[in-house]
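K.L.:
Sharing a structure below in structure tokens format, with a few things to ask.
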Amino acid sequence: EFGANALPENKNTMPFKFLGSYVGLQNDQKLNVPSAQLKSAWCLAALNTKGISTLEERFETRDHTEIMLKYLNANIKVKKLKNKKIISIFGKTPIDAKDISVPGDISSAAFMIVLSLISKNSKVTIKNVLLNPTRTGILDVLKKMKAKIKIKNKKTVCGEIVGDIEAKSSNLKATTVPEKMAPRLIDEYPILFIAACFAKGTSNFKGIEELRIKESDRIKSMESGLKPLGVKISSTKSSVKITGTNSFRLNKKIKIDAKGDHRIAMSFYVLSQVLNKSFKIKDFNYVKTSFPSFTKTINKLKKN
Numbered sequence: 239e240f241g242a243n244a245l246p247e248n249k250n251t252m253p254f255k256f257l258g259s260y261v262g263l264q265n266d267q268k269l270n271v272p273s274a275q276l277k278s279a280w281c282l283a284a285l286n287t288k289g290i291s292t293l294e295e296r297f298e299t300r301d302h303t304e305i306m307l308k309y310l311n312a313n314i315k316v317k318k319l320k321n322k323k324i325i326s327i328f329g330k331t332p333i334d335a336k337d338i339s340v341p342g343d344i345s346s347a348a349f350m351i352v353l354s355l356i357s358k359n360s361k362v363t364i365k366n367v368l369l370n371p372t373r374t375g376i377l378d379v380l381k382k383m384k385a386k387i388k389i390k391n392k393k394t395v396c397g398e399i400v401g402d403i404e405a406k407s408s409n410l411k412a413t414t415v416p417e418k419m420a421p422r423l424i425d426e427y428p429i430l431f432i433a434a435c436f437a438k439g440t441s442n443f444k445g446i447e448e449l450r451i452k453e454s455d456r457i458k459s460m461e462s463g464l465k466p467l468g469v470k471i472s473s474t475k476s477s478v479k480i481t482g483t484n485s486f487r488l489n490k491k492i493k494i495d496a497k498g499d500h501r502i503a504m505s506f507y508v509l510s511q512v513l514n515k516s517f518k519i520k521d522f523n524y525v526k527t528s529f530p531s532f533t534k535t536i537n538k539l540k541k542n
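Count the sequence shown with the numbering used here and you get residues 239 to 542, in order.
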């Protein structure tokens, strides 16, 4: 709709050939799915389009693109209404060249946080972590589960909130995570499921059907990995229930199929470290796609 053409080479499948537009058409759009990726793609296209383009967003999504563009003094306005957000971008205007500091990723930090919470006599401090409210759902849920988590040294860097996260061994309690929380912790559910295995009571995770279409069917992958370990876990198309336990079934060789999904692999690796049991995790090499130093970091923590 910005005037570009996308042509698939094989009728209906990738790869695509893109033919850009020298003119660029002003574009007003309604985004009816919760996708920060689609929003960001629209923002980048609008920057190179004459006139004012407007996007109406009906679901809360991560707002890093808007924050970054404001930091670079792009001509962007964001108006938050009761049930939607309006983003307006005046394209073809100069933006500033600035140095950018990239903080730590809370999705990666989540594995170390949960590892500390469910390990005995453990404490970890992770410095310079992004604390954007659209990304801290994992912290809110864990605190609701009575996790001992503190935020220290909060500051604003390049428009984003950044700080240090301290996590200590905790006696977790089960909780219900409603559907409205899903956009704020969609990537953290696998490691949150591991935390729920150690919580007293039954945790209920609702409105998480998007997990079915991530790098793998994450609900199915977690369920098929946890059940043989004696964890009471059940699922529907869009929900998961997990009852915490202190008696895992560890009397045989444990094999986990990560289905090419880095977060599944990392979640079960964390569990293996807590249980002090070797897991054979298929496709563990996919961890390198997001956290190349994952095992090295955990080994360093264990030594300390």
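Glycine included, each C-beta is placed from N, C-alpha and C at the ideal position.
For the candidate residues Val362, Ile305, Ser345, whose alpha-carbon lies nearest to that of Lys541?
P.N.:
Stepping through the sequence shown from its first residue, residue 541 is reached at position 303. The shortest Cα separation from Lys541 among Val362, Ile305, Ser345 belongs to Val362.
K.L.:
Taking only three categories from DSSP, how would you classify Leu319?
P.N.:
As a position in the sequence shown, residue 319 is number 81, starting the count at 1. Coil, per DSSP.
K.L.:
What residue from Tyr524, Asp334, Glu417 has the CA that sits closest to Glu447's CA?
P.N.:
By 1-based counting over the sequence shown, the position of residue 447 is 209. Selected option, being the one with the closest Cα: Glu417.
K.L.:
Quick one: Cα of Thr374 to Cα of Lys317, how far?
P.N.:
Position 136 of the sequence shown, counted from the first residue, corresponds to residue 374. Position 79 of the sequence shown, counted from the first residue, corresponds to residue 317. Using only the alpha carbons, I get a separation of about 22 angstroms.
K.L.:
Could you check if Met252 is buried or exposed, using at least 16 other CB atoms within 10 Å of its CB as the buried criterion?
P.N.:
Counted from its first residue, the sequence shown places residue 252 at position 14. So Met252 counts as exposed.
K.L.:
Our contact map puts Val525 next to Met504 with C-beta atoms below 8 angstroms; I'd like the distance itself, whole angstroms only.
P.N.:
Here residue 525 corresponds to residue number 287 of the sequence shown, with the count starting at 1. Here residue 504 corresponds to residue number 266 of the sequence shown, with the count starting at 1. Val525 to Met504, Cβ: 6 angstroms. Contact.
K.L.:
Helix, strand or coil: which one does DSSP assign to Ser326?
P.N.:
As a position in the sequence shown, residue 326 is number 88, starting the count at 1. Ser326 falls in the strand class under three-state DSSP.
K.L.:
Should Lys411 and Gly401 be called a contact, given that it needs their Cβ atoms to be closer than 8 angstroms?
P.N.:
Numbered from 1 along the sequence shown, position 173 holds the residue referred to as residue 411. Numbered from 1 along the sequence shown, position 163 holds the residue referred to as residue 401. The answer is no: Cβ separation not under 8 angstroms.
K.L.:
Look at Lys386 and Ser408 and say whether their C-beta atoms are less than 8 angstroms apart.
P.N.:
For the purposes of this step, residue 386 is identified with residue 148 of the sequence shown, where counting begins at 1. For the purposes of this step, residue 408 is identified with residue 170 of the sequence shown, where counting begins at 1. Cβ atoms of Lys386 and Ser408: closer than 8 angstroms.
K.L.:
How would you call Gly289, buried or exposed, if buried means at least 16 neighbouring beta carbons within 10 angstroms?
P.N.:
Sequence index remark: in the sequence shown, residue 289 carries index 51 (1-based). Label assigned to Gly289: exposed.
K.L.:
Please go through the same chain and pick out, in chain order, the residues whose beta-carbon is closer than 6 angstroms to the beta-carbon of Leu355, but skip the five residues on each side of it.
P.N.:
Locating residue 355 in the sequence shown gives position 117, counting from the first residue. So the list reads Ala385, Ala405, Ser408, once near-sequence residues are dropped.
K.L.:
Which whole-angstrom value is the C-beta distance of Ala437 and Gly482, which I expect to be below 8 angstroms?
P.N.:
What you label residue 437 is simply residue 199 of the sequence shown in a count that begins at 1. What you label residue 482 is simply residue 244 of the sequence shown in a count that begins at 1. Ala437 to Gly482, Cβ: 4 angstroms. Contact.
K.L.:
Taking 8 angstroms as the CB-CB limit, is Ile519 close to chain B?
P.N.:
Absent from the structure is chain B; it holds one protein chain and no more.
K.L.:
Which whole-angstrom value describes the C-beta separation of Asn270 and Arg296, a residue pair presumed to lie in contact below a C-beta threshold of 8 angstroms?
P.N.:
Position 32 of the sequence shown, counted from the start, is the residue given in the question as residue 270. Position 58 of the sequence shown, counted from the start, is the residue given in the question as residue 296. Confirmed, about 6 angstroms.
K.L.:
Do the CB positions of Phe522 and Ile492 come within less than 8 angstroms of each other?
P.N.:
Within the sequence shown, the letter at position 284 stands for residue 522. Within the sequence shown, the letter at position 254 stands for residue 492. No.
K.L.:
Closest to Leu509 by CA distance: which of Lys388, Lys382, Ala433 is it?
P.N.:
For the purposes of this step, residue 509 is taken as the residue at position 271 of the sequence shown. Nearest option by C-alpha distance: Ala433.
K.L.:
Output the residue ranges of the beta strand (DSSP E) runs that lie fully inside the segment 278 to 361 and measure 3 residues or longer, sorted by chain position.
P.N.:
Here the runs fully enclosed are 289 to 295, 314 to 318, 323 to 329.
K.L.:
Entirely within the segment 348 to 428 and at least 4 residues each: give me those alpha helix (DSSP H) ranges in chain order.
P.N.:
375 to 382, 420 to 423
K.L.:
Excluding the 5 residues preceding and the 5 following Ser454 in the sequence, name in chain order all residues of the same chain whose CB lies nearer than 7 angstroms to its CB.
P.N.:
The residue labelled residue 454 in the question sits at position 216 within the sequence shown. Closer than 7 angstroms at Cβ, skipping near neighbours: Lys497, Gly498, Asp499, Ile502.
K.L.:
Starting from Val478 and walking both ways along the beta strand (DSSP E), at which residues does that stretch end?
P.N.:
In the sequence shown, the residue the question calls residue 478 occupies position 240. First-last of the beta strand (DSSP E) with Val478: 478 to 481.
K.L.:
Pull the bridge partners of Ile471 from the DSSP assignment, please.
P.N.:
Here residue 471 refers to the residue found at position 233 when the sequence shown is read from its first residue. The partner list for Ile471 (beta bridge, DSSP) reads Ile480.
K.L.:
In whole angstroms, give me the CA-to-CA distance for Leu430 and Met350.
P.N.:
Position 192 of the sequence shown, counting from 1, holds the residue named residue 430. Position 112 of the sequence shown, counting from 1, holds the residue named residue 350. Cα-Cα distance, rounded: 12 angstroms.
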